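K.L.:
Just so you know, the sequences run in chain order A and B.
The opening position of the first sequence corresponds to residue 1 in full-length UniProt numbering, with each subsequent residue numbered one higher.
The opening position of the second sequence corresponds to residue 1 in full-length UniProt numbering, with each subsequent residue numbered one higher.
Protein chains: 2
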Amino acid sequence: MTEENGKLGTSTITQIGLLVHDIEATSQAYAEFFGMENPEWFWTDTVDKALTEYKGELSQARAKLAFFDMGSLQLELIEPDHHPSTWREHLDAHGEGVHHIALIIEGMKEKIKVMEGQGMKLVQKGEYTGGRYAYMDTFQQLKVMLELLENDAQ
Amino acid sequence: MTEENGKLGTSTITQIGLLVHDIEATSQAYAEFFGMENPEWFWTDTVDKALTEYKGELSQARAKLAFFDMGSLQLELIEPDHHPSTWREHLDAHGEGVHHIALIIEGMKEKIKVMEGQGMKLVQKGEYTGGRYAYMDTFQQLKVMLELLENDAQ
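1) Please decide whether Glu-150/B counts as near chain A, where near means a Cβ-Cβ distance under 7 Å.
2) Taking Ala-25/A as the reference, give the member of Ala-153/B, Gly-131/B and Leu-142/B with the closest Cα.
3) Comparing the C-beta of Lys-113/B with each C-beta of chain A, is any distance below 7 Å?
4) Judging by CA-CA distance, which residue of Lys-113/A, Met-120/A, Thr-86/A and Glu-106/A is the nearest neighbour of Val-98/A?
5) Interface residues of chain A around Asn-5/B at Cβ under 7 Å?
6) Roughly how many angstroms separate the alpha carbons of Ile-78/B and Gly-17/A, rounded to a whole number?
7) Are there three or more Cβ pairs, one per stretch, closer than 8 Å when the stretch 36-49 of chain B is compared with the stretch 127-135 of chain B?
8) State the DSSP-derived secondary structure class of Arg-62/B, mapped to helix, strand or coil.
9) Suppose you measure from the CA of Ile-101/A to the CA of Val-114/B; what does that come to, to the nearest Å?
10) For Leu-148/A, is the classification buried or exposed, using 16 other Cβ atoms within 10 angstroms of its Cβ as the cut-off for buried?
11) Any contact of the stretch 103-119 of chain B with the stretch 33-42 of chain B, i.e. 3+ C-beta pairs under 8 Å?
12) Expressed to the nearest angstrom, what Euclidean distance is found between the alpha-carbon atoms of Glu-116/B and Leu-75/B?
13) With 16 other CB atoms within 10 Å as the buried threshold, where does Lys-7/B fall?
14) Mind checking if Thr-12/B is an interface residue toward chain D, Cβ cutoff 7 Å exclusive?
15) Taking buried to mean at least 16 other C-beta atoms within 10 Å of its own C-beta, is Lys-111/A buried or exposed?
16) Going by CA-CA distance only, name the one from Thr-52/A, Ser-59/A and Leu-91/A that's closest to Gly-20/A.
17) So what's residue 207/A in DSSP terms, helix, strand or just coil?
18) Using alpha carbons as the reference points, say which of Met-145/B, Phe-34/B, Ile-23/B and Tyr-135/B lies closest to Met-70/B.
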């Protein structure tokens, strides 16, 4: 990681995440409005597999997810369940709308450490098939939450 | 415009717009964090040139803008002045954070008409050097405001 590449080694935004109350209704609205195929939503993994940690504690929280490709960017719709998570907290506090922008990084532990050194706290992390994610509280500095995504080499 | 292409003829998101109170501070935070050059901000044009209309009436409103290229996506920072605008209204109501996602379209008048037929109201429009924009109230359907951008053929 060089200084020229910044703290994350990338500045490519790959995803925007939107919180919604009803993933089927919003998914259909996107599909119809943009003339895209309506993707099937799916549940995130259970805690035994996802190892979901919210504010440092394991959480049963899960969410329904649906993805649209919109140019080189992925739009993610997120309908959380009622267990504690950044998704549920943000939806309850701010209502529907943008939750995060995501970047694909390498070296999750190191990057989290670097960001914590910048006063950006780890909010939630977990595993998914083929990789892992971390939501970082970058709101004060960057005015939006960042999600780090790390995909395993195939 | 075919049905397959949806209402706008495109589904490529080209920009995310963020409202901020202090464009210089946030711009510097982005530049340092991501290792990008700190761009110079500039004022949007005055109303005689921009023909800014907010809720159907001419508005003196202007904003300081700064742009970062983050992959194929442009991140736009927006610090509005205190005249009536969607920027000022949204910043006062919701604080700093994401204001819109933008798409580049062709045929501004036709696209606005199509969207109004879908119950999506025109909130604000204006001209800039080389093109024009329109903010559409798509929150109810799409959970985020859309901005249409039309650039003149060069």
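All residues carry an ideal CB built from backbone N, CA and C; glycine is no exception.
Quick caveat: nothing in here was measured; it's all calculated off a predicted structure.
P.N.:
By the coordinates alone:
1) As a working note, residue 150/B is residue 150 in the second sequence. No, Glu-150/B does not count as interfacial toward chain A.
2) Position 25 of the first sequence, counted from the first residue, corresponds to residue 25/A. Closest by alpha carbon: Leu-142/B.
3) If you number the second sequence from 1, residue 113/B lands on position 113. No, its Cβ sits nowhere closer than 7 Å to a Cβ of chain A.
4) Position 98 of the first sequence, counted from the start, is the residue given in the question as residue 98/A. The shortest C-alpha separation from Val-98/A is found at Thr-86/A.
5) Numbered from its first residue, the second sequence carries residue 5/B at position 5. Within chain A, the residues near Asn-5/B are Gly-35.
6) Stepping through the second sequence from its first residue, residue 78/B is reached at position 78. Stepping through the first sequence from its first residue, residue 17/A is reached at position 17. For Ile-78/B and Gly-17/A, the distance between alpha carbons rounds to 21 Å.
7) yes
8) Along the second sequence, one-based indexing puts residue 62/B at 62. Coil, per DSSP.
9) As a working note, residue 101/A is residue 101 in the first sequence. As a working note, residue 114/B is residue 114 in the second sequence. If I take the Cα positions, the gap works out to 29 Å.
10) For the purposes of this step, residue 148/A is identified with residue 148 of the first sequence, where counting begins at 1. Buried, by the Cβ-count rule.
11) no
12) One-based indexing of the second sequence puts residue 116/B at position 116. One-based indexing of the second sequence puts residue 75/B at position 75. The C-alpha of Leu-75/B is placed about 27 Å away from the C-alpha of Glu-116/B.
13) Working through the second sequence from its first residue, we reach residue 7/B at position 7. The residue in question, Lys-7/B, is buried, as its Cβ has 16 or more Cβ neighbours within 10 Å.
14) Absent from the structure: chain D. Protein chains present are A and B.
15) For the purposes of this step, residue 111/A is identified with residue 111 of the first sequence, where counting begins at 1. Lys-111/A is buried by the Cβ-count criterion.
16) One-based indexing of the first sequence puts residue 20/A at position 20. Here residue 20/A turns out to be Val, not Gly, going by the sequence shown. Val-20/A has its Cα closest to that of Leu-91/A, out of Thr-52/A, Ser-59/A and Leu-91/A.
17) Absent from the structure is residue 207/A, since the part of chain A shown begins at 1 and ends at 154.
18) Taking the first residue of the second sequence as 1, we reach residue 70/B at position 70. Comparing Cα-Cα distances from Met-70/B to each of Met-145/B, Phe-34/B, Ile-23/B and Tyr-135/B, the minimum goes to Phe-34/B.
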